[in-house]
Amino acid sequence: MIRAFHRWPGLFALVLVTVLALSGAALSVFPAAERLGAPQAEKGLSVAELATRIQAAYPGVEQIRRGPSGRITAYWFDGGAPGSAVIDPTTGQGVASADPNQIERWLTNLHRSLFLGDGGRIAMAAGAAAMLVLSLSGTALVARRAGGWRHWFTRLRGPLSGRLHVEIARIAVFGLFLSSATALWMTASTFDLLPDRGATPAFPTAVSGEMGVALANLAVLGDTPVAELRELNFPYPGDATDVFTLKTDQGTGYLDQGTGALLNWSDLTGWERVSETIYMLHTGQGAATLGLVLGIMALGVPAMGATGVLVWLAARRGRPRIRGNQPAGQAETILLVGSEGGSTWGFAATLHAALTDAGQSVHVAPMSGFAPARYARAKQIIVLAATYGDGAAPASAKGFLDRLSALDRAPSSAIAVLGFGDRSFSAYCAFARDVAAAAKAKGWPELLPLDTIDRQSPQDFARWGRALGEALGIDLELAHQPVLPTTETLTLISRRDYGAEVQAPTAILRFTLPRATIWRRLTGAGFSRFAAGDLIGIMPEGSPVPRLYSLASARRDGFVEIVVRKHPGGLCSGQLTTLVPGDTVTAFLRRNPGFQPGRSRAPLILIGAGTGIGPLAGFVRGNAQRRPIHLYFGMRHPDSDFFYGEEMPAWQEEGRLARLVTAVSRGARPHYVQDALRGDTAELARLIRDGARVMVCGGRGMAAGVADTLAEILAPTGLTPAVLKAEGRYVEDVY
Numbered sequence: 036m037i038r039a040f041h042r043w044p045g046l047f048a049l050v051l052v053t054v055l056a057l058s059g060a061a062l063s064v065f066p067a068a069e070r071l072g073a074p075q076a077e078k079g080l081s082v083a084e085l086a087t088r089i090q091a092a093y094p095g096v097e098q099i100r101r102g103p104s105g106r107i108t109a110y111w112f113d114g115g116a117p118g119s120a121v122i123d124p125t126t127g128q129g130v131a132s133a134d135p136n137q138i139e140r141w142l143t144n145l146h147r148s149l150f151l152g153d154g155g156r157i158a159m160a161a162g163a164a165a166m167l168v169l170s171l172s173g174t175a176l177v178a179r180r181a182g183g184w185r186h187w188f189t190r191l192r193g194p195l196s197g198r199l200h201v202e203i204a205r206i207a208v209f210g211l212f213l214s215s216a217t218a219l220w221m222t223a224s225t226f227d228l229l230p231d232r233g234a235t236p237a238f239p240t241a242v243s244g245e246m247g248v249a250l251a252n253l254a255v256l257g258d259t260p261v262a263e264l265r266e267l268n269f270p271y272p273g274d275a276t277d278v279f280t281l282k283t284d285q286g287t288g289y290l291d292q293g294t295g296a297l298l299n300w301s302d303l304t305g306w307e308r309v310s311e312t313i314y315m316l317h318t319g320q321g322a323a324t325l326g327l328v329l330g331i332m333a334l335g336v337p338a339m340g341a342t343g344v345l346v347w348l349a350a351r352r353g354r355p356r357i358r359g360n361q362p363a364g365q366a367e368t369i370l371l372v373g374s375e376g377g378s379t380w381g382f383a384a385t386l387h388a389a390l391t392d393a394g395q396s397v398h399v400a401p402m403s404g405f406a407p408a409r410y411a412r413a414k415q416i417i418v419l420a421a422t423y424g425d426g427a428a429p430a431s432a433k434g435f436l437d438r439l440s441a442l443d444r445a446p447s448s449a450i451a452v453l454g455f456g457d458r459s460f461s462a463y464c465a466f467a468r469d470v471a472a473a474a475k476a477k478g479w480p481e482l483l484p485l486d487t488i489d490r491q492s493p494q495d496f497a498r499w500g501r502a503l504g505e506a507l508g509i510d511l512e513l514a515h516q517p518v519l520p521t522t523e524t525l526t527l528i529s530r531r532d533y534g535a536e537v538q539a540p541t542a543i544l545r546f547t548l549p550r551a552t553i554w555r556r557l558t559g560a561g562f563s564r565f566a567a568g569d570l571i572g573i574m575p576e577g578s579p580v581p582r583l584y585s586l587a588s589a590r591r592d593g594f595v596e597i598v599v600r601k602h603p604g605g606l607c608s609g610q611l612t613t614l615v616p617g618d619t620v621t622a623f624l625r626r627n628p629g630f631q632p633g634r635s636r637a638p639l640i641l642i643g644a645g646t647g648i649g650p651l652a653g654f655v656r657g658n659a660q661r662r663p664i665h666l667y668f669g670m671r672h673p674d675s676d677f678f679y680g681e682e683m684p685a686w687q688e689e690g691r692l693a694r695l696v697t698a699v700s701r702g703a704r705p706h707y708v709q710d711a712l713r714g715d716t717a718e719l720a721r722l723i724r725d726g727a728r729v730m731v732c733g734g735r736g737m738a739a740g741v742a743d744t745l746a747e748i749l750a751p752t753g754l755t756p757a758v759l760k761a762e763g764r765y766v767e768d769v770y
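Per the numbering used here, the sequence shown runs over residues 36 to 770.
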């Protein structure tokens, strides 16, 4: 629902809101320019002194005004001809024309009414209302994506367009809310929709009848500092019944032109002060710095509009179209989807179609929109949950566990949790397991026990579907056809071979970098943006199942590089290790944000063995900031599989690699990477105690041995690998 309130006002009002924002941003410059360009009155100068100076220069002065910027303007008649000027208060002389800036006037008319009078004012008010809805719904969506209000400024992941959209919104939304709300108030005031609670003093009925008092003798003017002046109107020449009218920040009053006596006075009401404050907040008049800040925030509107459209288009492409999705309040079955890359939505679409064909009314929504109060007719809630990184919630499931925890009691409709993952990863379906455990702890009735789908297996999904059908008392056959990401063709440009001497043929394969258009860069599609540690999916000939390899290069390196060992009977590795320069492969990119070094300057401890050196070498190669990196690398023999051995000395000389420690397992004295760690116990303990981050890549057995060894090393410090993982300082990429 929130997404709908955010999306449609944005799409329908994009042009109008953009005009409103850009013209407002341009207008925000004028108060600051006026403040800087206008001569300012000296501190302590009274209105009497200022008026005396101006009257001496312009005897026919009729009015003196002081704007919120401090600019003083005088209006007079000289020989029957009107005149006006911006006044230098130190001399009373005019220094610039008082005529309005034509560009400012044009922009103001555009901003207020599109040059269309009252009809244009109503249109721009509609634009302001749309901006207000966008601000409120955007605030809720940013909080949802960040995982709650406490994580408002948490680091984001995902395509560039989506991250830019939210990063701008995090700051601009506050200014846009203020600008749109104040604009609606001012429009309502213009059309007399607000009560008029101003207090103007009654014009005096009795005056002295005298004229010509010297301005310096007007006590009220002498006691009023110029800093509080708004307007001083002089009596009409020769009319003894007229008076001085003084308007200040405090109120409005009338002064006798013969005696200087204060004849009548009214203070500003609270309502007037509120109205003036709202005017100031909207225009920046009297608060030039605030006006500039709001203007800068307004510039975020076209940027958010463009990125918002890109996000919307990407979402339409990334999610299958679910036809016949019933409203949440009318559905018997609720499908909640937690997905990072979008593949889980495909399974949800297949399940939705099968349940609908079986006569069920079904509603599909992201887990982040979990709202039990809306599921009035639901008999069962089915959760399809992928896992992000090392057990975290995927993008569309942010905040689900917090909402579940906040419930007073579990929903009465039964729950079934289905996890999606890859058994080769240690955190296999960890988030789905957390969801199932939280539901059980809440006392949520169970429709089916937790089940899992390995590597998007259609067979696993069909098996689970039959079990679900039995639980629901219907025939349910789920024939899912996974939709693979869009692939690209990569051409091999070079290869380096290792490992033949130890019967473990391995190659470092370098491929051409596919061309990235501006559109692909904005949407983050394909190989337009990637980092070492991300994954490349290779589609082997003769199999529809991709094989994933960790990247040893980043986009900025200008090539795509992987390290591949030939496995006996391995279809994909066998094909890759026989490639020659000029041959091609079909591949796609998959982000792996859970295995990235981050932007911290804290030391990095990289631990790997065999082909696990790939992403670690990529981290070292990309270490242009000279972050301290300590690399522990296990190999069979330096003459056969010292991968990247040629580059290591240069990386050390350039400061990209602080220290390299190797372990050789096929020498006269077998030495494993765990042994290398034990030999560095004191240094490792010091580095980790001082905040170092540990990254491990390689086989599962090696990773388990490394964790055990580090547990021994860290025991005296009170730290453990588990504690470091909880702090985000220990990550693994294992196979």
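Ideal Cβ placement from N, Cα and C applies to all residues, glycine included.
Inter-residue spacing [alpha-carbon to alpha-carbon] between residue i and residue j
i, j, result
"M737", "V708", "8 Å"
"V121", "T287", "23 Å"
"S444", "F435", "The sequence given here has Arg at residue 444, not Ser. Approximately 15 Å between the Cα atoms of the pair."
"M246", "L316", "42 Å"
"G343", "L171", "15 Å"
"E139", "G293", "41 Å"
"Q90", "P103", "22 Å"
"H200", "G155", "29 Å"
"I313", "T217", "6 Å"
"M159", "L169", "15 Å"
"F40", "T391", "Below a pLDDT of 50, predicted positions are generally treated as unreliable, and F40, at 49, falls in that range; no measurement from the model is reported."
"V96", "S119", "9 Å"
"A384", "A644", "41 Å"
"A428", "L525", "32 Å"
"L722", "P705", "27 Å"
"D715", "Q660", "25 Å"
"M36", "S403", "Legend: pLDDT at M36 = 47, less than 50; position of this residue unreliable, no value from coordinates given."
Whether residue i touches residue j by CB criterion (8 Å)
i, j, result
"M166", "V52", "yes"
"D489", "D469", "no"
"P772", "Y289", "Nothing can be reported for residue 772, as the shown portion of the chain is limited to 36 through 770."
"A698", "A711", "yes"
"G572", "R626", "no"
"R656", "R691", "yes"
"L639", "P628", "no"
"A92", "Q128", "yes"
"L62", "A76", "no"
"I450", "L482", "yes"
"R106", "A73", "yes"
"G653", "A551", "no"
"T276", "V248", "no"
"P517", "Q491", "yes"
"L176", "S58", "no"
"L281", "L267", "yes"
"I642", "V731", "yes"
"A703", "I748", "no"
"Y410", "A471", "no"
"F226", "Q98", "no"
Inter-residue CB distance, residue i and residue j (contact presumed, cutoff 8 Å)
i, j, result
"A441", "G454", "Not quite, the Cβ-Cβ distance comes to about 23 Å (not below 8 Å), so this is no contact."
"V580", "A542", "Contact doesn't hold; Cβ gap of about 22 Å is too wide."
"Q415", "S448", "5 Å"
"E375", "A430", "5 Å"
"W300", "P260", "W300 to P260, Cβ: 17 Å. No contact."
"V372", "V397", "Their Cβ separation, rounded to whole angstroms, is 12 Å, which puts V372 and V397 out of contact at 8 Å."
"G500", "A389", "7 Å"
"A333", "P66", "At roughly 14 Å, the Cβ-Cβ gap does not stay under 8 Å, so A333 and P66 are not in contact."
Contained beta strand (DSSP E) runs [length at least 3] in the segment 283-322, N- to C-terminal order
286-291, 297-302
Do three or more CB pairs link the segment 471-480 to the segment 502-511 at distances below 8 Å?
no
Touching by the beta-carbon criterion (3+ pairs, under 8 Å), the segment 249-258 and the segment 198-210
no
Should the segment 640-651 be regarded as contacting the segment 584-598, the criterion being three or more beta carbon pairs within less than 8 Å?
yes
What alpha helix (DSSP H) runs, 4 residues minimum, are completely inside the segment 106-149?
137-148
Cβ pair count under 8 Å reaching 3, the segment 749-762 against the segment 662-669:
no
Taking only runs that begin and end inside the segment 198-254, name each unbroken beta strand (DSSP E) of 3 or more residues, in chain order.
none
Enumerated in chain order, which unbroken segments of the alpha helix (DSSP H) with a length of 4 residues or greater are wholly contained in the segment 484-516?
493-507
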